[in-house]
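Below is one structure, written out as structure tokens, with a few remarks after it.
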Amino acid sequence: MGGNDVSRPDGQPDEGAACLVLSYYERLGCWDYKGEMKNMTKDILTGAMGRRRNGAGDPLGPNSEIGRKLKQYYDELVSDDVPDRFSQLLSQLEKAEPAQKKD
Amino acid sequence: MAAVSQGFKTDLLGAIPSLRAFAVSLTQNADKADDLVQETLVKAWDKHESFQPGTNLKAWLFTILRNEFYSQMRKRGREVQDSDGIMTARLAVHPAQHGQLDLKDFRGALEQLPEDQREAIILIGASGFSYEEAAEICGCAVGTIKSRVSRARTRLQEILKISGEDEYGPDAISAQVTGTAAH
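Now the structure itself:
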């Protein structure tokens, strides 16, 4: 482990931090065409993430276009406003409960 | 029947955005998805006693939703597997430039996957489940999930014309972009 390694205070590689740094670098477009050092950092970061996932690198991780799009697609769906019908439904179920208990 | 606790209700409410996202991913239709979520909530409420507190509520709910989805499909007599063919030809996707892939194209590509592959790649790549959890949700072996995810990924790359990205680790990407691999 070198000084570039991303680690938590307990010495374990911090996957979250590694992901952040990776996506930051990718947004900057840095390491695709810059020198060795950037690639080394990327290797170390990817390695830190890979170790957390029992060895093999993550094929749907931040290095992967498919992985990034998948998360973008899903996050958009998750952040969609929830219609009122669902909280109304749960309130109805709650009200209906005492009646069920009598049966 | 034991009363449903307030905590359980709050947790159900909190899970709705994820349930809706998973339901849309499965059905590819917003209205059907919301009906599916509604069914799931009613089922979950009815059998709340079978949920073990302290275990993963989200995984439990996803299992119910998924079972409901497939049982509805069977009732309608629809063929579950919609593998290669029919849909594939309908959508022409422009070759994606690296990192420039449009979300609309991606959605279209995702739609073309067979259900089993689509759900696997969503559970692993987007919903944040482990392979073990996804296997539990889908009622299959961990190895089956792994191969479905892998086939889904390959298929998406084909449809979107992304050439084998990160197939050989990070070096392949930099090589691709700098063009060193081509020489």
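Each protein sequence line maps, in turn, to chains A and B.
This note's numbering puts the first residue of the first sequence at 1, with every later residue one more than the last.
This note's numbering puts the first residue of the second sequence at 1001, with every later residue one more than the last.
Backbone N, C-alpha and C fix where the C-beta goes; we use that ideal spot for every residue, glycine too.
- Remark: C-beta atoms of L1160 (chain B) and A1109 (chain B) approach each other more closely than 8 Å.
- Between the alpha carbons of L1012 (chain B) and L1156 (chain B) lies a gap of roughly 33 Å.
- In this structure, the straight-line span from the alpha carbon of T1055 (chain B) to that of R1076 (chain B) is close to 33 Å.
- About 7 Å separates the Cβ atoms of L70 (chain A) and I1121 (chain B), confirming a contact at the 8 Å cut-off.
- Residues of chain A with a Cβ closer than 9 Å to the Cβ of A1120 (chain B) do not exist, since the nearest Cβ in that chain sits about 11 Å away.
- Setting aside the 5 residues that flank it on each side, R1153 (chain B) is surrounded in the same chain by I1121, each with a C-beta closer than 7 Å to its C-beta; the list follows chain order.
- For L1110 (chain B), the uninterrupted alpha helix (DSSP H) run begins and ends at 1103-1111, by DSSP.
- Annotation for I1016 (chain B): the continuous alpha helix (DSSP H) segment containing it runs 1006-1027.
- Within chain B, D1034 have C-beta atoms less than 8 Å from the C-beta of P83 (chain A), given in sequence order.
- Chain A places no beta carbon closer than 8 Å to that of G1054 (chain B), leaving this residue out of the contacts.
- Interface criterion not met: the Cβ of K95 (chain A) is under 8 Å from no Cβ in chain B.
- Residues of the stretch 1004-1038 of chain B that bring their beta carbon within less than 8 Å of a beta carbon in chain A comprise V1004, K1009, L1012, L1013, I1016, P1017, S1018, R1020, A1021, V1024, S1025, D1034, V1037, Q1038, in sequence order.
- Excluding its 5 nearest sequence neighbours in each direction, V1024 (chain B) has C-beta neighbours in its own chain below 7 Å: A1030, A1033, listed in chain order.
- For T1027 (chain B) and E97 (chain A), the gap between their C-alpha atoms comes out near 31 Å.
- Contact between the stretch 1035-1050 of chain B and the stretch 1111-1121 of chain B is absent: fewer than 3 CB-CB pairs across the two stretches fall below 8 Å.
- Of the residues B:C1138, B:G1143, B:S1147, B:I1145, the one whose Cα lies closest to the Cα of F1062 (chain B) is B:C1138.
- In this structure, A1059 (chain B) places its C-beta atom within 8 Å of the C-beta atom of F1129 (chain B).
- Using beta-carbon distances, P59 (chain A) counts as an interface residue toward chain B, with a partner under 8 Å.
- Counting of Cβ neighbours within 10 angstroms places R85 (chain A) among the exposed residues, the total staying below 16.
- In the structure shown, G1143 (chain B) adopts helical secondary structure according to DSSP, grouped into three states.
- R1107 (chain B) and F1022 (chain B) have their C-alpha atoms spaced approximately 14 Å apart.
- Of the residues assessed, E1158 (chain B) falls on the exposed side of the cut-off, its CB having fewer than 16 other CB atoms within 10 angstroms.
- In this structure, A1044 (chain B) keeps its C-beta atom at 8 Å or more from the C-beta atom of I1016 (chain B).
- For V1042 (chain B), the enclosing alpha helix (DSSP H) has its first and last residue at 1030-1046.
- For F1051 (chain B), there is no enclosing alpha helix (DSSP H), since its DSSP letter is neither H nor E.
- The contact set of Q72 (chain A) on chain B, defined by CB atoms closer than 7 Å, consists of L1103 in chain order.
- Residues of chain A with a Cβ closer than 8 Å to the Cβ of W1045 (chain B) are, in chain order, L90, L93.
- DSSP places D1116 (chain B) in the uninterrupted alpha helix (DSSP H) bounded by 1115-1125.
- Taking the Cβ atoms as the reference, Q72 (chain A) lies roughly 6 Å from L1103 (chain B), within the contact range of under 8 Å.
- Take S64 (chain A), set aside five residues on each side of it, and the residues of its chain with a beta-carbon closer than 8 Å to its own are D58, in chain order.
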